[in-house]
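Protein chains in written order, with my numbering: chain Y, 341 to 485; chain W, 9 to 179. Reading through the structure tokens given below for one structure.
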């Protein structure tokens, strides 16, 4: 089934699914959550999706978060927003023009509104190993200094 | 409050010497809550390097394909490249300015690159994207006073203007 391509108004929103490791400890999305993949940053247009519906489309809804971006704010960063419906997702929209510009990614991370924060994953580490690693690094640095 | 001292697990010979001559110097906390003491003049740098290791070790890089193909995992070589750059910038700024810049956050970007993020959410913020290929990194810094810096640096070159910019906030 194919859907017609429509024009997305500035007053609407885009929902972006974000995995837990792209949130910081304050529960905000990091700039690394906003990059392009295969020609665009994948989002869902609020005309055809709610945050919950967008979240349901993720690989693991229980462990993903949802943030939104105002279309007008995205375009104000000189980015393009285009409706790119998929056969099973009429809401799909792509943001393009981000490239590898850290200013744009930082601006997007600050502009985003968080709707769902995912649970943080615990990262178990060998603290003994870390202690030795840090000591080794300090030793190397002092040798070089 | 004085930090509690713990015996270190088999210190390296060089580190043992540093510890031996520095028992009365400021404490530096390393991984696992352990504390070492080193020369006062270098303790700040040592603490920053320990902070870098701690920040680096706490990153959830992702496992396999668990977040889907759209969220790439930075390769190990790139992670080490980012860590080494952060250490070098701290060391070089300590050498030149007598004050190391703070440890950044290591943030995996969805395109498989790594962002070094200094001062996240603070009055002085700097974001630098480290890629697997190429010798340069893009950066952008912004300050609450309205000033900003933006450009590209060589990873193996002189980046001290970035350190100087970040040090504004710590002086």
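For every residue, glycine included, the Cβ atom is placed at its ideal position computed from N, Cα and C. Predicted, not measured: the structure shown is a model, and the values here were computed from it.
Within the 8 Å Cβ cut-off, does residue i reach chain Y?
i, result
"residue 75 of chain W", "yes"
"residue 136 of chain W", "yes"
"residue 175 of chain W", "no"
"residue 153 of chain W", "no"
"residue 30 of chain W", "Reliability fails at residue 30 of chain W, whose pLDDT of 47 lies under 50, so the model's placement of it is uncertain and the value that follows must be treated cautiously. So, not an interface residue."
Does residue i pass the burial test, meaning 16 or more other C-beta atoms within 10 Å, or should it be called exposed?
i, result
"residue 356 of chain Y", "buried"
"residue 139 of chain W", "buried"
"residue 435 of chain Y", "buried"
"residue 130 of chain W", "exposed"
"residue 50 of chain W", "buried"
"residue 67 of chain W", "buried"
"residue 152 of chain W", "exposed"
"residue 88 of chain W", "exposed"
"residue 426 of chain Y", "exposed"
"residue 366 of chain Y", "exposed"
"residue 439 of chain Y", "exposed"
"residue 162 of chain W", "exposed"
"residue 142 of chain W", "exposed"
"residue 82 of chain W", "buried"
Rounded to the nearest angstrom, what separates residue i and residue j at their Cα positions?
i, j, result
"residue 154 of chain W", "residue 169 of chain W", "18 Å"
"residue 446 of chain Y", "residue 348 of chain Y", "23 Å"
"residue 75 of chain W", "residue 165 of chain W", "35 Å"
"residue 63 of chain W", "residue 113 of chain W", "6 Å"
"residue 376 of chain Y", "residue 432 of chain Y", "14 Å"
"residue 379 of chain Y", "residue 160 of chain W", "23 Å"
"residue 134 of chain W", "residue 364 of chain Y", "15 Å"
"residue 374 of chain Y", "residue 414 of chain Y", "11 Å"
"residue 412 of chain Y", "residue 353 of chain Y", "8 Å"
"residue 145 of chain W", "residue 104 of chain W", "22 Å"
"residue 372 of chain Y", "residue 106 of chain W", "32 Å"
"residue 158 of chain W", "residue 460 of chain Y", "32 Å"
"residue 91 of chain W", "residue 54 of chain W", "15 Å"
"residue 31 of chain W", "residue 52 of chain W", "Because the pLDDT at residue 31 of chain W is just 49, under 50, the model does not fix this residue reliably, and the value given afterwards should be weighed accordingly. Distance between the alpha carbons of residue 31 of chain W and residue 52 of chain W is about 16 Å."
"residue 100 of chain W", "residue 109 of chain W", "9 Å"
Cβ closer than 9 Å: which chain Y residues qualify as neighbours of residue i?
i, result
"residue 180 of chain W", "Given a span of 9 to 179 for chain W in the structure shown, any question on residue 180 of chain W remains unanswerable."
"residue 116 of chain W", "361, 362, 370 and 372"
Could you work out which residues of chain W lie near residue i, taking near to mean beta carbons separated by less than 8 Å?
i, result
"residue 399 of chain Y", "74, 75 and 76"
"residue 354 of chain Y", "Chain W residues near residue 354 of chain Y: none, gap ~15 Å exceeds 8 Å."
Am I right that residue i and residue j are in contact with their C-beta atoms under 8 Å? What's the rounded C-beta distance?
i, j, result
"residue 401 of chain Y", "residue 409 of chain Y", "Their Cβ separation, rounded to whole angstroms, is 20 Å, which puts residue 401 of chain Y and residue 409 of chain Y out of contact at 8 Å."
"residue 369 of chain Y", "residue 454 of chain Y", "7 Å"
Residues of chain W with a CB under 7 Å from the CB of residue i: which are they?
i, result
"residue 461 of chain Y", "68"
For a contact defined as C-beta to C-beta under 7 Å, what are the partners of residue i on chain Y?
i, result
"residue 181 of chain W", "Any property of residue 181 of chain W remains undetermined from this structure, which presents chain W solely from 9 to 179."
Beta-carbon of residue i versus every beta-carbon of chain W: anything under 8 Å?
i, result
"residue 409 of chain Y", "no"
"residue 440 of chain Y", "yes"
"residue 376 of chain Y", "yes"
"residue 446 of chain Y", "yes"
Note down, in chain order, every chain Y residue with its Cβ under 8 Å from the Cβ of residue i.
i, result
"residue 146 of chain W", "440, 441 and 442"
I want to verify the contact list: residues of chain W whose CB lies under 9 Å from the CB of residue i, in sequence order.
i, result
"residue 453 of chain Y", "The contacting residues do not exist; residue 453 of chain Y stays about 16 Å from chain W at best."
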